[in-house]
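Enquirer:
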Amino acid sequence: MGKYFVRKGCRDSEELSGETRDRVVKIINAGREYPKPEALFYSVASKIWKEYARKPRSESLPSDDVLPLRQQETDKKEQQAYCLEKCLAQLTESDRNLITNYYQVRGRNNTEARKRLMAEHGGENTLRVKAFRIRLKLRVCIDACVNETVK
Amino acid sequence: MKNKFPSEDVIRQYLLGKFDDQEEREDRLSEQMLFDHELSEIVDSIEDEIIEDYLDGAMSATDQVAIRQYFLRPVERQEKLEFAQLLRRRFETRPAGFAKKKFTIPSEPPAKLVDDTSTRPHSSHWHSHSRTFYELAAAVLVFAFGLLYNSSVNHKWQSQLEASRLSQTQIQEQLAQQHEQVADLQKQLQSLPPAMLQLSNTHFRGGSGNEHVVEIKPWNQRVRTEVDLGSAPSGDYEVRLETKSGQTIWSQTKLPASSGVLSFDMPAKGISAGEYCLWVSSQPKPYCFQARISKTS
Numbered sequence: 091m092g093k094y095f096v097r098k099g100c101r102d103s104e105e106l107s108g109e110t111r112d113r114v115v116k117i118i119n120a121g122r123e124y125p126k127p128e129a130l131f132y133s134v135a136s137k138i139w140k141e142y143a144r145k146p147r148s149e150s151l152p153s154d155d156v157l158p159l160r161q162q163e164t165d166k167k168e169q170q171a172y173c174l175e176k177c178l179a180q181l182t183e184s185d186r187n188l189i190t191n192y193y194q195v196r197g198r199n200n201t202e203a204r205k206r207l208m209a210e211h212g213g214e215n216t217l218r219v220k221a222f223r224i225r226l227k228l229r230v231c232i233d234a235c236v237n238e239t240v241k
Numbered sequence: 010m011k012n013k014f015p016s017e018d019v020i021r022q023y024l025l026g027k028f029d030d031q032e033e034r035e036d037r038l039s040e041q042m043l044f045d046h047e048l049s050e051i052v053d054s055i056e057d058e059i060i061e062d063y064l065d066g067a068m069s070a071t072d073q074v075a076i077r078q079y080f081l082r083p084v085e086r087q088e089k090l091e092f093a094q095l096l097r098r099r100f101e102t103r104p105a106g107f108a109k110k111k112f113t114i115p116s117e118p119p120a121k122l123v124d125d126t127s128t129r130p131h132s133s134h135w136h137s138h139s140r141t142f143y144e145l146a147a148a149v150l151v152f153a154f155g156l157l158y159n160s161s162v163n164h165k166w167q168s169q170l171e172a173s174r175l176s177q178t179q180i181q182e183q184l185a186q187q188h189e190q191v192a193d194l195q196k197q198l199q200s201l202p203p204a205m206l207q208l209s210n211t212h213f214r215g216g217s218g219n220e221h222v223v224e225i226k227p228w229n230q231r232v233r234t235e236v237d238l239g240s241a242p243s244g245d246y247e248v249r250l251e252t253k254s255g256q257t258i259w260s261q262t263k264l265p266a267s268s269g270v271l272s273f274d275m276p277a278k279g280i281s282a283g284e285y286c287l288w289v290s291s292q293p294k295p296y297c298f299q300a301r302i303s304k305t306s
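Chains A and B, in that order, give the protein sequences. Numbered per our numbering, the first sequence finishes at 241, counting up by one with no gaps. Numbered per our numbering, the second sequence finishes at 306, counting up by one with no gaps.
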C-alpha cells in the first residue's frame, strides 16, 4: 500500500499506509466479509488519499539540496560508497556487467551503444526492468551493509 | 510493453502527478499499477528512469518543476535520488568496473566403472577366479590412484583458494588505505578557503551595479555567500540558485539572517562557468552573478 501513496507524490506515505491498515482491520473486525481483500484495501486507501488531498497544508520549498555539505552527510556518503563496492562484488558477473554497461551508455552521446545494449537484453523495457532489479538488489545490500557498519 | 499496459508516456505523466485533476483516469491507473505485478515493476523502473533523466538535466522545465514539487515529495523517492547519485559517482569515476579473477579447475577424467562380466562367457573355473583376482587388484589400484589424484587436485584447489583469499585480503587492505587517503584529502579540501560571493541589491537582475563575478578554483568545494538584504527583517529565508535558463541547481530552506545579512555556503560542484541568479524568499528580484572557473591556481 505504501507504493500507492508514494506514487501519488505523498510525503506521509508511511503514515497513510498505517491508517489504511488500521481502518481495514476495523472493518474486518466488525464482522463483514470481503471476498476480495485487496479491493477492500484499495478502496480504503483511495478514500484516505482523497481525505488527505482535501486537507490544506503548507508546502515549503522542497529541499533538493543535491550536494549537501554537512560532515555527517559526507561520512554517510563515504560509508555508502564503501558498501556499494562490497555489494557490487557480491553481484553475479552478468549482473555486474549489465549495471556497469547500463551506466556507461547513458547520455546523448551514447545512442548507438545504448541501442546495442537494449538489443542484447531483449529491448528497452526488459533492459530497464533488469537494471531496476539489480539496483534494487544493490539498495537492499547497501542498506544492510550500512546498518551493520553503524552497529 | 504489453498492449494491455498504459504507454510509457502515460506512466510518466501519472508519476509526475499530471492526472491528479482527472480523477477517474487517475483511479483506474492507480488500481492497475497496484494489482498487476508486472506493470508495477515497469512503473518502478520508469520511476528510476525519471530520476536518471532529472539528474541528466534531460527534462523540460515543466517536468522539472513537477519533479521538485510533486515527484520528490515522498522520502522514498528522495532516497532513490540519493541512491542514483551514489551509482553515478561510482560509475562516472570508475567506469571500468571489476576484473573478476577466474579460476581454472583441472577437469577430472570421469571414472568409468563397467561391469562386463555378464557379457563374457566363463571359459573355466580357474580363469574365472584369476580374473576375479585381477579385477579386484585392478579395482584396488584404481581406488588408490583415485585417492591420490583426488588428494592432489584438492591440494591444488586449496592452494588456489588460499592464494585468492590472500589477494582478496590484500585488495581489501589497499581499498581501505585508499578510502583513508580519500577521506584525508577531503578533509584537506574542506579546510581550504572557499570561493567568496558577496551580493547586494545592486546585483538584482537588471540592476545598475557592476556585474559580480565569482571565481571558482578547481579545489573549491563551497562558495561562501553573503547577501545584503538591506532593510529586510531578520528570520529564516529560503534560497534557490538557478541557471540562466531557469533550472534550479541548488536550494536550501530555513537559512537564518542577522543584521540584514544572510550568510551560507553553496556547493561549488554544480556550478560551471556562466550566469546564475539567486532567489531569496521575500526579495522581489533575484541576485545575479557570473561564475568563472579557473583551471589553474
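For each residue, glycine too, the CB sits at the ideal point set by N, CA and C. Computed from a prediction, not measured in an experiment: that's the story for all the values here.
#1: When burial is assigned at 16 or more other CB atoms within 10 Å of the CB, is Asp245 (chain B) buried or exposed?
#2: Could you spell out where the alpha helix (DSSP H) holding Arg139 (chain A) opens and where it closes?
#3: Is Asp72 (chain B) near Leu25 (chain B), with beta carbons less than 8 Å apart?
#4: Please confirm whether Lys226 (chain B) and Ala204 (chain B) have their CB atoms less than 8 Å apart.
#5: Taking Cβ to Cβ, would you say Arg312 (chain B) is nearer than 8 Å to Pro276 (chain B)?
#6: Could you spell out the range, first to last residue, of the alpha helix (DSSP H) harbouring Val19 (chain B)?
#7: List, in chain order, every chain A residue whose beta-carbon is nearer than 9 Å to that of Asp296 (chain B).
#8: Please classify Asp30 (chain B): does DSSP put it in a helix, a strand, or coil?
#9: Out of A:Arg101, A:Arg229, A:Phe95, A:Ser184, which has the shortest C-alpha to C-alpha gap to Glu210 (chain A)?
#10: Pick out whichever of B:Gln183, B:Glu220, B:Gln78, B:Phe100 has its Cα sitting closest to the Cα of Ser260 (chain B).
#11: Taking Leu208 (chain B) as part of the beta strand (DSSP E), name the residues at either end of that continuous run.
#12: Throw me the rounded Cβ distance for the Cys173 (chain A) and Ile232 (chain A) pair, which I believe falls under 8 Å.
#13: With DSSP as the reference, identify every bridge partner of Trp288 (chain B), one or two as the case may be.
#14: Can you tell me the Cβ-Cβ gap for Ile55 (chain B) and Glu17 (chain B), rounded? I've got them flagged as a contact below 8 Å.
#15: Quick check on Val230 (chain A): does DSSP put it in helix, strand or coil?
#16: Name, please, each residue of chain B whose Cβ falls closer than 7 Å to the Cβ of Tyr94 (chain A).
#17: Go to Lys98 (chain A), then tell me how far its alpha helix (DSSP H) extends in each direction, as first and last residue.
#18: State yes or no: is the C-beta of Ser107 (chain A) within less than 8 Å of the C-beta of Pro83 (chain B)?
#19: Strictly by DSSP, which residues pair up with Ile302 (chain B)?
#20: Can you find a C-beta in chain A that's less than 8 Å from the C-beta of His46 (chain B)?
#21: Ignoring anything shorter than 3 residues, give me the beta strand (DSSP E) runs that lie fully in the region 65 to 110 of chain B, in order along the chain.
#22: Can you check whether the C-beta of Asn215 (chain A) is within less than 8 Å of a C-beta belonging to chain B?
#23: Residues in the same chain with beta-carbon distance under 8 Å from Glu214 (chain A), minus the five sequence neighbours each way, listed in chain order, please.
#24: Classify Arg214 (chain B) as helix, strand or coil using the three-state DSSP reduction.
#25: State the DSSP-derived secondary structure class of Gln230 (chain B), mapped to helix, strand or coil.
#26: Rounded to whole angstroms, what is the Cα-Cα separation between Glu35 (chain B) and Leu238 (chain B)?
#27: Taking beta-carbon pairs under 8 Å, can you tell me which members of the region 117 to 142 of chain A lie near chain B?
#28: Taking only the alpha-carbon atoms, compute the straight-line gap between Arg144 (chain A) and Gly92 (chain A) and give it to the nearest angstrom.
#29: Take the Cβ of Thr110 (chain A) as the centre, count every other Cβ of all protein chains shown within 10 Å, and call the residue buried at 16 or more, exposed below.
#30: Can you tell me where the alpha helix (DSSP H) holding Met275 (chain B) begins and where it ends?
#31: Does DSSP classify Lys263 (chain B) as helix, strand or coil?
#32: From what residue to what residue does the alpha helix (DSSP H) around Leu181 (chain A) run?
#33: In chain order, what residues of the same chain have a beta carbon less than 7 Å from the beta carbon of Arg186 (chain A), not counting five sequence neighbours either side?
#34: Could you tell me whether the Cβ of Leu188 (chain A) comes closer than 8 Å to any Cβ of chain B?
#35: Using a Cβ-Cβ distance cut-off of 8 Å, determine whether Ala209 (chain A) contacts chain B.
Expert: Answer, in terms of the structure:
#1: Working through the second sequence from its first residue, we reach residue 245 (chain B) at position 236. Burial call: exposed.
#2: In the first sequence, counting from the first residue as 1, residue 139 (chain A) sits at position 49. The sequence given here has Trp at residue 139 (chain A), not Arg. That run of the alpha helix (DSSP H) goes 127 to 144.
#3: Mapped onto the second sequence, residue 72 (chain B) falls at position 63. Mapped onto the second sequence, residue 25 (chain B) falls at position 16. Yes. Within cutoff.
#4: Counting from 1 along the second sequence, the entry for residue 226 (chain B) is found at position 217. Counting from 1 along the second sequence, the entry for residue 204 (chain B) is found at position 195. Going by C-beta atoms, Lys226 (chain B) is nearer than 8 Å to Ala204 (chain B).
#5: In the structure as shown, chain B starts at 10 and stops at 306, and residue 312 (chain B) therefore has no counterpart that could be examined.
#6: Taking the second sequence and counting its residues from 1, one reaches residue 19 (chain B) at position 10. From DSSP, the alpha helix (DSSP H) with Val19 (chain B) extends over 17 to 24.
#7: Position 287 of the second sequence, counted from the first residue, corresponds to residue 296 (chain B). Looking at the sequence provided, one finds Tyr at residue 296 (chain B) rather than Asp. Near Tyr296 (chain B) there are no residues of chain A at all, since even the closest Cβ is about 17 Å away, more than 9 Å.
#8: For this step, residue 30 (chain B) is matched to residue 21 along the second sequence. Correct three-state label for Asp30 (chain B): coil.
#9: Within the first sequence, residue 210 (chain A) is the residue found at index 120, counting from 1. The shortest C-alpha separation from Glu210 (chain A) is found at A:Ser184.
#10: As a first step, residue 260 (chain B) must be located in the second sequence, where it is residue number 251. Among B:Gln183, B:Glu220, B:Gln78, B:Phe100, the Cα nearest to that of Ser260 (chain B) belongs to B:Gln78.
#11: For the purposes of this step, residue 208 (chain B) is taken as the residue at position 199 of the second sequence. Judged by DSSP secondary structure, Leu208 (chain B) falls within the beta strand (DSSP E) whose first and last residues are 204 to 208.
#12: In the first sequence, the residue the question calls residue 173 (chain A) occupies position 83. In the first sequence, the residue the question calls residue 232 (chain A) occupies position 142. Going by Cβ atoms, the distance from Cys173 (chain A) to Ile232 (chain A) rounds to 5 Å, so yes, they are a contact pair.
#13: Position 279 of the second sequence holds residue 288 (chain B). Looking at the DSSP output, Trp288 (chain B) shares a beta bridge with B:Arg249.
#14: To locate residue 55 (chain B), count along the second sequence from 1; it is residue 46. To locate residue 17 (chain B), count along the second sequence from 1; it is residue 8. Beta-carbon to beta-carbon, Ile55 (chain B) and Glu17 (chain B) are separated by about 6 Å, close enough to satisfy the 8 Å threshold.
#15: Reading the first sequence from its first residue, position 140 is the one you call residue 230 (chain A). In the three-state DSSP reduction, Val230 (chain A) falls in the helix class (H, G or I).
#16: Taking the first residue of the first sequence as 1, we reach residue 94 (chain A) at position 4. Within 7 Å Cβ-Cβ: Ser39, Leu43.
#17: Start at 1 with the first residue of the first sequence, and residue 98 (chain A) comes out as number 8. Looking at the DSSP string, Lys98 (chain A) is not in any alpha helix (DSSP H), and its letter there is neither H nor E.
#18: Here residue 107 (chain A) is taken as the residue at index 17 of the first sequence, counted from 1. Here residue 83 (chain B) is taken as the residue at index 74 of the second sequence, counted from 1. No, the Cβ-Cβ distance between Ser107 (chain A) and Pro83 (chain B) is not below 8 Å.
#19: The sequence position of residue 302 (chain B) within the second sequence is 293, counting from 1. Beta-bridge annotation (DSSP): Ile302 (chain B) is paired with B:Ile225.
#20: To locate residue 46 (chain B), count along the second sequence from 1; it is residue 37. Taking Cβ atoms only, chain A never reaches closer than 8 Å to His46 (chain B), which makes this a no.
#21: Along the region 65 to 110 of chain B, the beta strand (DSSP E) does not occur as any fully enclosed run of 3 or more residues.
#22: Here the question's residue 215 (chain A) lines up with position 125 in the first sequence. Asn215 (chain A) counts as touching chain B.
#23: Translated into positions along the first sequence, residue 214 (chain A) becomes position 124. So the list reads Met208, once near-sequence residues are dropped.
#24: Position 205 of the second sequence holds residue 214 (chain B). Residue state, collapsed to three classes: coil.
#25: Taking the second sequence and counting its residues from 1, the one referred to as residue 230 (chain B) is at position 221. When DSSP states are grouped into helix, strand and coil, Gln230 (chain B) belongs to the coil group.
#26: Taking the second sequence and counting its residues from 1, one reaches residue 35 (chain B) at position 26. Taking the second sequence and counting its residues from 1, one reaches residue 238 (chain B) at position 229. Cα to Cα, the separation comes out at about 44 Å.
#27: Cβ proximity to chain B below 8 Å picks out Glu128, Tyr132, Ser136 from the region 117 to 142 of chain A.
#28: Here residue 144 (chain A) refers to the residue found at position 54 of the first sequence. Here residue 92 (chain A) refers to the residue found at position 2 of the first sequence. So the alpha carbons of these two residues sit roughly 19 Å apart.
#29: Residue mapping note: residue 110 (chain A) aligns to position 20 of the first sequence, counting from 1. Counting of Cβ neighbours within 10 angstroms places Thr110 (chain A) among the buried residues, the total reaching 16 or more.
#30: Along the second sequence, one-based indexing puts residue 275 (chain B) at 266. Element bounds for Met275 (chain B): not the alpha helix (DSSP H) but the beta strand (DSSP E), 270 to 276.
#31: Locating residue 263 (chain B) in the second sequence gives position 254, where the first residue counts as 1. The answer is strand: DSSP assigns Lys263 (chain B) an E or B state.
#32: In the first sequence, counting from the first residue as 1, residue 181 (chain A) sits at position 91. Element bounds for Leu181 (chain A): n/a, residue is neither H nor E.
#33: The residue given as residue 186 (chain A) occupies position 96 in the first sequence. These residues qualify, in order along the chain: Leu178.
#34: Start at 1 with the first residue of the first sequence, and residue 188 (chain A) comes out as number 98. By this cut-off, Leu188 (chain A) is not an interface position.
#35: Within the first sequence, residue 209 (chain A) is the residue found at index 119, counting from 1. For Ala209 (chain A), the answer is no, since every Cβ of chain B falls outside 8 Å of its Cβ.
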